[in-house]
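Q: Sharing a structure here in C-alpha cells format.
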Amino acid sequence: MAEILAHSTKLPVSEVKNGERVQPDRIYIIAPNRAMQIKQGVLRLSEFGHKADWRNPIDSFFYSLAADQKTNAIGVLLSGEGSDGTEGLKAIKAGGGTTFAQSEKTASHLSMPHSAVEAGSVDFILSPAEIGKRISPARPGGPGPAGAGLAAKPAEDPLTGILDLLRTAKGVEFELYKRSTLRRRIQRRMALRRIHDPEKYFRLLASDAAELEQLYRDILICVTSFFREPESFRELKRTIYPRLLKNRRANEPIRIWVPGCSTGEEVYSHAINLVEFLGPKVSQTPFQVFATDVNPAVIEKARAGLYPKKIKAHVSPERLRRFFTETRDGYRIVPAIRERCVFAAKNLVQDPPFTNLDLISCRNLLIYLGPALQEKAMRIFQYALKPHGILMLGHSETTGEFFGGFSPVKAKRKVFSERTTASASRLDFFKSGRFLETEPAFKLPYYGERGQVKQAQEEADLRGELDSILPARYIPNGVIVNGELEILRFLGNISAYLRPAPGRPSLNLRRMASSGLLLELRTAIHVAKKTACAVRKEISLPKPGGGPGRIQVEVLPVNGSSHFLILFEELLAPAPGQKPAAAAPGEKDSRRVVQLKEDLAVSAEHLKAIIEEQESTNSRLKSSNEELLSNNEELQSVNEEFETSKEELQSANEELITSTEELGDANQILNRSNSDFSNLLANIDIPVVLLGADLTIRRFTPPAAEALDLSPDKIGRHITEVKLPLLVPDLKQRLLNVIKTGQVQKLEVADTRGKWYYLFIRPYRTDKNKAEKSRTEGAVLALVDIQDRKLAEKNLLRLATLVLDSNDAVIIIDLKGRITAWNKGAQRMYGYSEKEALGMNISRLMPEKTRMRAKDLVRVSAGPIETRRRARDGRVLDVLLTVTVLRDEKGRPVEVAETERDITEQKQAERERKLAEKNTLRLANSVLDSNDAVIICDLKDRILAWNKGAQKMYGYSEKEALAMSIRRLMPKNKLIKARELVRVSAAPIEAQRCTKGGRTLDVLLTVTVLRDDRGRPVEVATTERDITERKGAERELHRLHSRVISAQETERKRLSRELHDGVGQILSGIKFRLESLPGEMALNKKDAENISKVGGFLSHAISEIRRVSQNLMPSELVDLGLEPALRTLCRQFKERAGVPVTLKAGNVPSQISPELELALFRIAQEALNNVGKHSKASVAAVTLSREGKKIVLSVRDNGVGFTPGASRQAAGNGIGLGSMRERAELAGGTIELDSTPGGGTTLTVRVPLTRQDGDAL
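Structure follows, in C-alpha cells:
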C-alpha cells in the first residue's frame, strides 16, 4: 500500500514502525494485522488484543487520537464499507476536535461516512478536495483569531455573555464549569462557522437559536458506551455487590443512581451487571437504577432503550441474546431490564438529589466541573448515600479536596466508600427546588486533579498511623498539617491557639497562628522533620482574656515526616487565692534574663533553620542557573549556524536571479512552440497519448481523455499507476521495447467497456541539430476505433457457428437442386457426411409423394411448413421446413437455404396424446359407471368428484355430495382429515363409512394422492368397495374358530382333570396295593419279580398320565402365569427331547389376560413340538418380550431349516402351523416364519395386549 500511494503524492509515504514519532507533511500507513494508537505524539503498534480492535481498527486509533491531541485532533472518514470510525469520530468531537466525512456524491462506498453522519459524529460533509482546503483553518488550536479571541482580553471576555444566553435559553448555569473546557467548545464552534471575532459569534448566538442549540449540545458532551472500563464492572461483582447484600433485610431494595447518564448505556450496563451477579436470586432481590441528565433529549433516547447494531463491539453475544431484542433498527433492551430503570431530566447541582442510595456511579462527569461545583457535587453524593454507601468515579477523577467524606475501597478502580460525618446530612433546600450546602466551619484545601490519588493514599496511611498513636495517649487539642503547613484536620478546641486571619479564607498554619506562636511552631516542626523525633516546647502565649499564659506544644512527625501532629496543652496556673511568693529584686531580674536567654535561643534556632533552608534554596538556584547558562550557550551556537546559512542562501539567491533572466528568453520561445503543439493536439480527432522515457504521461488529446478516462491531474504520473480501461497484455514491456528499438508495434485491443481499438505504439524522437542524430525519449500511443468492424465480424462468426452447430439441418442448394452446403445437424439427421452430401441432389432426401424441384422451392412461403424426408437408412422423418431464398445484387434468386427440424417424435407424441385422450375418456366413463365408489376431495375435506357407484353405495346424490365434507361419511369415533390420508399407503385398507340412512358399511379403501407440477399434494382420490357382507362372514368365521378353540380348551381341561383325578388315582391305588402284597402273603421269587415289574409299569403309566394331564392343562399357567409355565415347558422339552432350551423374558407385563396367556403357551408348545419332530436342532431358544403395546413370542432353533417355498407350503398344509396361525389371529396378532436351509428356523408371534376390533379409517 505504501508503494502504491507513493506514486500518487509528492509527500513521503511510509509504513508505521512501532515507537515512531509523528512528523509533519508525511503519510503513515498502518502495518498489516496490527492495532495502532498514538500517545504523546508517538505511534504505537500492538497485536489485536480485543475482538473490537480487529473489527474496528479505525475506532481504536481515533479513540487514542482524541485522548492524546484533544482539541488539536482532526478525524477524516472517507469512502468505505461498514461502520468503523463512527464511534471514534464521536470521541474526537467530544474532546473538542474537528471531524470530516466524505460526501455521498463523491464516495464509491457509502456505508462508513453514512454511518458517521447518521450518528451525529460529523462536523463537515465535503468532497476529498474540499476537506483538504478546510482542514487548516478548522483547527481550533491552530493560529488565528479563533484560537485566542476568547482569552485575549479578560476584561472584555464575551464568555460571560454567552453563558448568560445559555442560562436564559436552557436554564442551565455554566458559570462554575471549567472555563478551559467552555472556551474549547466555543472556539470549536467558531472555527466550524469560520468566525474569528468572539463578539461576532456572540451576536450570532443571540440571533440564531439553532446555533445556540448546537453549542449547548457541544458543551454537554455525550460520550458513553455499554460496559465502558469493563474491569470496573468486574470489580463491582467481585467486592461491591457482595458488600451491599451483606446483612441486608429481606425485600430491602438496592438503590443505584447514575447522574449524567447521557443516552443510557451505562444505566443499562449497571442493571445487566447486577442481574448477572444475582443470578437465580434476582426475583428475590428488588433493585432500582435511577438515571438523570440535564439534557431532556438524551433522556428520551435512554427511555426508548433502542441502540444501533454496532453495540455488538462492546456487548457480548450472550448478553445480546439474553438482555436485548433484535429489531430492524438495532437492538432494544428487554422489558425486564427496562422496568428496573427510572429516567428523569435533572440538574445534579441545582435540583434535589435522590436519597438513601447504596451506589452512585458518576463517571467522567466531574472532569467538566470547576472546583466549587466538584466540591458541591461530592457533598451532594455524601448526603444522598446511605452510611458507608459506594461512590464510583471515572478513571481520571477522584474525591479531591472532599476526600475526608470518602475513604477508598479500590483506589485503582476509583471506588470509594462514604464516611459518615456530621455535615453529611446538612443540605439547605430553597423553595425554588435548588439547594446549597451549609458552609462548614473550615474548608479543606484543594490540591488539584494531579495530586488527588497520591493525596488519597497519604491520607489513608495517615489515618492508619493515627489510629495506632492516639489510643495510647490522651486526646488533646491539636491539628494535623502537611509539609506546606496546610491544616488537614482539627482535634478538639483550638480556638485559643489558632484563629482565622482577616481577608481571604485560608487553612494554612502561617495565617492562623500568631507571629510569636508561628515562630516557635516553625522551629519545632523544622527540628521534628530533621530528627524524625517528637519535639516538645513550652511557649509563652497571652490568654484570650488578657494576661500572661504558658502552653506546651508537642510536634510529632507522622507518615514518614510528610505530615505533623501538633498538640497544644495549657500549663496549669496557680490555684485561686494562692499568691505567688514575692521575689527579691535581684531574683526578678535573674528570671527576666533567663527568659530573654530562652527567647534568644529560640530565635537562634529559628534563624539557623532559616539559614539552612536558604542555603538549600541557593544550591538549587545555582544548579538551575548553570543549566540556563548551558542552554544559552547552545542557543548561541544555533544562532551562529543560522547566520551562516543566511549568507549561503543570499549567495544562492543571486545565482538564481541570473539563471531566471536567461530562462525567461528561452521560455518565450518554448511558450510559442507549446502553443502550436497544444493547438495541434486539441484538433486531432484520434486518441493520442505522449509518454516520456520514464513512461510518465506528458500530454494527451481530448479524445484520449474520453477513451482512456484521463484527467489533467494524471499528467506526470507513471502509465502503470493510472488505471487505463485498455486490456493490453505486457503494456509496460511493449513500451520499453519501442523506446529501446525504435520499432513500431501494432495490435488489436479492447477496453473494459468492450470497445475495440487498433493500438499503435510509435517511438517519440527528439529533433537535434545536423551534427547530432535524433534519439528516442518516449513513446506515442494512438488508438483507431475498429468497434464497427469487430461487431460485424462477431455477428458473422456467431451466425456461422449457429448454423454449423445447430441441431436443425441447414442445407443450401442451387437452382438445379445440387447441395452446396451441409451442416452438422443435417449430418446427424439424415446420416450423410458432408463429403457425401455436397453435390448430391436434394430430391434424394424426398419421398416420391413429396418431391419438389429447387425452382419450385423459390415460390414456397417463408413460413414453416410440415413435410417428410428420407434418411440414409430408409427411415422417413417428419420435418418442419423453412425456406430462405438467397439472391444476387440484382435481386435474382441464385440459391435456396432450407432449415429443417426433425419433428418425428413430436408427431408421434401427438398421435400418442390423442390415443391417450381417447383411452382416458373411455376410462373416465368406466369410472363413472363403476359399482365401486370413486370420490375425489381436496385437502380441506371438500368433495370435488362423486361417481354413480358412490351415489348407489352411500345414498347421496352428486349435487348433495359436492356440497359436503368427506368426513360426513366417517363414523364419529373414527374421523380423519384428508391431509392425513396423504400419508396412507397406496395398498388397500379396510375402513368404515356411514350411509345417508345411517347404516355403517365395511369398505375396502384404496387412496391415490393427486399432486401438482412441483410434487405437492393437492387432492386425494379414494376408491371404496363395499365389503360389508364379506366382513360379516369373516366375523362369523372368526366366532366359529373362537368357539372351536374354546371347546378344545374346555375338553382339554376336562380330560386333564379326569386323567389326573380318575385314572391317575386308580393307578396310584393299584400300585399301592401291589406294593403291599409281599407283606401280606408268601411269594416265591418269580412272583415277587413279576410283581416288581408290574409296579414299574404302573409307575411309568402314572408318570405318563401326569405328563399328558400337564400338557392338556399346565397347572403353572393357571396358578403362576405365563412365564413360569414357559420355564416348565422348556425344562420338560429338554428332558423329553434331549434338546437344551433357554428362556429369555424381559419387560413382560404383569397383567395379561388368561385367554392371551393360554394362546401364547399353546403356540410355544406346538412350536417346540415341531422343533423336536422336524428340525434336528442341537439347541433352541424361547424369547418373551414387549414391543410398545404388543407382546412378542419368539421360538428359534439351529436345525436344518427349509426353503421359503416349503415354508409357504407348510403354512398352507401343516396342521400344527395352521393351528398356531389361527390362535394368533384370534388374539388379533400375526405370525411370521423365517427359515433358511441349514440356518435354522425362527417363529415370531406379535399379539396386541388389548384387542382392538375397529380401524382408525
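Just so we're aligned: 1198 in this note's numbering is position 957 of the sequence shown, and the numbers increase by one with no gaps anywhere.
Note that CB positions come from ideal geometry on N, CA and C, so glycine has one too.
Is it the case that the segment 1143 to 1157 contacts the segment 1174 to 1193, given that we only count it when at least three CB pairs across the two stretches are under 8 angstroms?
A: Taking 8 angstroms as the limit for Cβ pairs, the verdict is that the segment 1143 to 1157 does not touch the segment 1174 to 1193.
Q: What separation, rounded to the nearest whole angstrom, lies between the Cα atoms of Leu-1278 and Arg-1266?
A: In this model, Leu-1278 and Arg-1266 are separated by some 21 angstroms (Cα to Cα).
Q: By a C-beta neighbour count over all protein chains shown, 10 Å radius and 16 as the cutoff for buried, is Asp-669 buried or exposed?
A: At Asp-669 the pLDDT is 45, less than 50, meaning the model places this residue with poor confidence and gives no usable figure here.
Q: Determine the direct distance from the alpha carbon of Glu-1146 to that of Lys-1159, and round the result to whole angstroms.
A: 20 angstroms
Q: Apart from the five residues just before and just after Gly-674, which ones in its own chain have a Cβ nearer than 7 angstroms to its Cβ?
A: In this prediction, Gly-674 scores a pLDDT of 37, lower than 50, which makes its location untrustworthy; no coordinate-derived value is stated.
Q: Just to confirm, is the Cβ distance from Thr-596 to Ala-625 under 8 angstroms?
A: yes
Q: Per DSSP, what kind of secondary structure is Gly-571 in: helix, strand or coil?
A: coil
Q: Whose C-alpha, out of Ser-803, Leu-812, Ala-773, Leu-485, is nearest the C-alpha of Arg-791?
A: Leu-812
Q: So, Asn-297 versus Asp-325, is the Cβ gap smaller than 8 angstroms?
A: yes
Q: Return yes when the Cβ of Leu-1180 is within less than 8 angstroms of the Cβ of Val-193, no when it is not.
A: An answer regarding residue 193 cannot be provided, because it is not within the stretch 242 to 1498 covered by the chain.
Q: Please report how far the alpha carbon of Thr-1236 lies from the alpha carbon of Leu-1397, in whole angstroms.
A: Rounded to whole angstroms, the gap between the alpha carbons of Thr-1236 and Leu-1397 is 36 angstroms.
Q: Take Gly-1480 and list the residues in its own chain whose beta-carbon comes closer than 6 angstroms to its own, dropping the five residues that flank it on each side.
A: Gly-1442
Q: Leaving out the 5 sequence neighbours to the left and right, which residues in its chain are closer than 6 angstroms to Thr-526 when beta-carbon positions are compared?
A: Leu-519
Q: What does a CB cutoff of less than 6 angstroms around Arg-730 pick up in its chain, not counting 5 residues either side in sequence?
A: Ile-721
Q: Hey, which unbroken runs of the beta strand (DSSP E) at 3 residues or more fall wholly within the segment 522 to 571?
A: 528 to 534, 565 to 567, all fully within the segment 522 to 571.
Q: Output yes or no for whether 8 angstroms exceeds the beta carbon distance between Val-358 and Ala-348.
A: no
Q: For a test of the three-state rule: what should DSSP assign to Ser-1206, helix, strand or coil?
A: strand
Q: Between which two residues does the alpha helix (DSSP H) carrying Gly-1112 extend?
A: Here residue 1112 turns out to be Ala, not Gly, going by the sequence shown. First-last for Ala-1112: undefined, no H or E at that position.
Q: Can you tell me whether Lys-334 is buried or exposed, with buried defined as 16 or more other CB within 10 angstroms of its CB?
A: buried
Q: State the Cα-Cα distance for the pair Val-776 and Gln-855, rounded to the nearest angstrom.
A: 23 angstroms
Q: Can you list, in chain order, the stretches of the beta strand (DSSP E) that have 3 or more residues and sit fully within the segment 1396 to 1451?
A: 1421 to 1428, 1431 to 1438
Q: Take Gly-1379 as the anchor and find which of Ile-1346, Arg-1403, Ser-1416, Ile-1393 has the nearest alpha-carbon.
A: For Gly-1379, the closest alpha carbon among the candidates Ile-1346, Arg-1403, Ser-1416, Ile-1393 is that of Ser-1416.
Q: Between Ala-1067 and Val-1051, is the Cβ-Cβ spacing less than 8 angstroms?
A: yes
Q: Report yes or no: do three or more beta-carbon pairs, one from the segment 731 to 744 and one from the segment 763 to 770, lie closer than 8 angstroms?
A: no
Q: Are the beta-carbon atoms of Ala-1386 and Glu-1364 separated by less than 8 angstroms?
A: Between Ala-1386 and Glu-1364, the C-beta spacing is below 8 angstroms.
Q: Can you check the segment 728 to 763 for any alpha helix (DSSP H) of at least 4 residues that lies completely inside it and give the ranges in chain order?
A: Counting whole runs of 4 or more residues, the segment 728 to 763 contains the alpha helix (DSSP H) stretches 750 to 753.
Q: Is Phe-302 buried or exposed, if buried means 16 or more other CB atoms sit within 10 Å of its CB?
A: buried
Q: Mind reading off the beta-carbon distance from Leu-1024 to Leu-1000? Whole number of angstroms is fine, and I expect it under 8 angstroms.
A: 6 angstroms
Q: Can you give the beta carbon distance from Gly-505 to Lys-542, rounded, assuming they're within the 8 angstroms contact cut?
A: 7 angstroms
Q: Rounded to the nearest angstrom, what separates Lys-1318 and Val-1488 at their Cα positions?
A: Position check: residue 1318 holds Leu in this sequence, whereas Lys was assumed. Straight-line Cα distance between these residues: approximately 56 angstroms.
Q: Are the Cβ atoms of Val-1423 and Leu-1367 separated by less than 8 angstroms?
A: Yes; because the gap between Cβ atoms is below 8 angstroms, this pair is in contact.
Q: Beta-carbon within less than 7 angstroms of Ala-410's beta-carbon, same chain only, minus the 5 sequence neighbours each way: which residues are those?
A: Leu-453
Q: Inspect the CB distances between the segment 462 to 480 and the segment 495 to 509 and report whether three or more fall short of 8 angstroms.
A: yes
Q: Evaluate contact between the segment 1053 to 1069 and the segment 1132 to 1143, counting only Cβ atoms and requiring at least three cross-stretch pairs below 8 angstroms.
A: In the pairwise beta carbon analysis, the segment 1053 to 1069 is classified as touching the segment 1132 to 1143: at least three pairs are separated by under 8 angstroms.
Q: Grab me the residues of Tyr-482's own chain with a C-beta within less than 6 angstroms of its C-beta, minus the 5 sequence neighbours each way, in chain order.
A: Phe-518
Q: Taking 7 angstroms as the limit between beta carbons, can you name the residues of its chain near Ala-332, skipping five residues before and five after?
A: Phe-303, Tyr-304, Ala-307, Val-464
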